[in-house]
Amino acid sequence: MFFSRLAVLSTLPFLSLGMKKRAVPSNFALYGYGDGLGGFPLFYADGFAYIGEPAKSNSSDAATVAFSLGTDDVWIGNPNNTQLTNSTAATWSNVTFYVPDTTATDKRIGFLSSNASTDGAVETGFFFYGSTAVLIGSDGTLESSWYALKVGDRTHQLYWNDTSLGQVPVILRSIAPSSPPQSG
């Protein structure tokens, strides 16, 4: 009995040799989950990241973001034109998703155009742990410091590692909710 268990247990490391690392999706959307947030999509408005309904935003340029994977784990955002809430197509494209670094005083999460300054912004190191969005820190740790602040009806602005205004923790996932969010 002991030897048969030992034989089985000793083969377990070899089973992992046939396993493949789960591929990071090359195209994806992000959805915010948290207390009162049942999977609202991430959207762009005036250079910043929000979760909620773009139509409820005061921005004429608001649109849900369709992400693609760039080099060095950079996430590139483009408007999802199939889900526009107004008759005008968004004027932004190929923007780089970022979180503020530790030196930044403004902790809002946003998007940078190709000609924008990257001072105070972390643009690389985004990754999925399963379907959950994380940032690989400079020391190799996985960071998930996403926070949201309600700024309007069904509209929440995203922040990085900041609760100073009453922001609540959220999880950003690449999996859409099974039914439309009812709260927010």
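According to mature numbering (1 follows the signal peptide of the UniProt record, and there is no 0), the sequence shown holds residues -18 to -1, 1 to 166 in order.
C-beta atoms are modelled at their ideal positions from N, C-alpha and C, and glycine is treated no differently.
Residues near residue i in its chain [Cβ-Cβ closer than 7 Å; skip 5 each side]
i, result
"Leu147", "Leu131"
"Lys3", "Annotation note: pLDDT 46 at Lys3 (below 50); position unreliable, coordinate value reported separately. Answer for Lys3: no residue qualifies."
"Asn76", "Ile58, Asn60 and Ser96"
"Asp54", "Thr106"
"Ser8", "Ser50 and Leu51"
First through last residue of the beta strand (DSSP E) which encompasses residue i
i, result
"Gly21", "Leu19 to Ala27"
"Pro151", "Val150 to Arg155"
"Gln139", "Thr137 to Trp142"
"Leu94", "Gly92 to Leu94"
"Lys132", "Trp128 to Gly134"
"Pro61", "Trp57 to Pro61"
"Ser50", "Ala45 to Leu51"
"Pro82", "Val77 to Pro82"
"Gly102", "Here Gly102 belongs to no beta strand (DSSP E), and DSSP marks it neither H nor E."
"Ala31", "Phe30 to Gly34"
Residue environment, residue i, which counts as buried when at least 16 other CB atoms sit within 10 Å
i, result
"Gly119", "exposed"
"Thr100", "exposed"
"Leu124", "exposed"
"Tyr111", "exposed"
"Gly122", "exposed"
"Ala37", "exposed"
"Ser39", "buried"
"Thr87", "exposed"
"Ala27", "buried"
"Val152", "buried"
"Thr73", "exposed"
"Thr46", "buried"
"Ala31", "buried"
"Ala115", "buried"
"Ala44", "buried"
"Ala11", "buried"
Same chain, Cβ closer than 8 Å to residue i, neighbours up to 5 away in sequence not counted
i, result
"Phe22", "Tyr13, Gly14, Ile33, Gly34, Glu35, Arg136, His138, Pro163 and Gly166"
"Asp83", "Gly102, Ala103 and Val104"
6 Å Cβ shell around residue i - same chain, five flanking residues per side excluded
i, result
"Glu105", "Val56, Thr78 and Tyr80"
"Asn143", "Ser127"
"Leu91", "The displayed chain sequence assigns Ile, not Leu, to residue 91. Closer than 6 Å at the Cβ level, and outside the excluded window around Ile91, lie Ala31, Val81, Leu140 and Trp142."
Any alpha helix (DSSP H) of 4 or more consecutive residues that is wholly inside the segment 105 to 130: none
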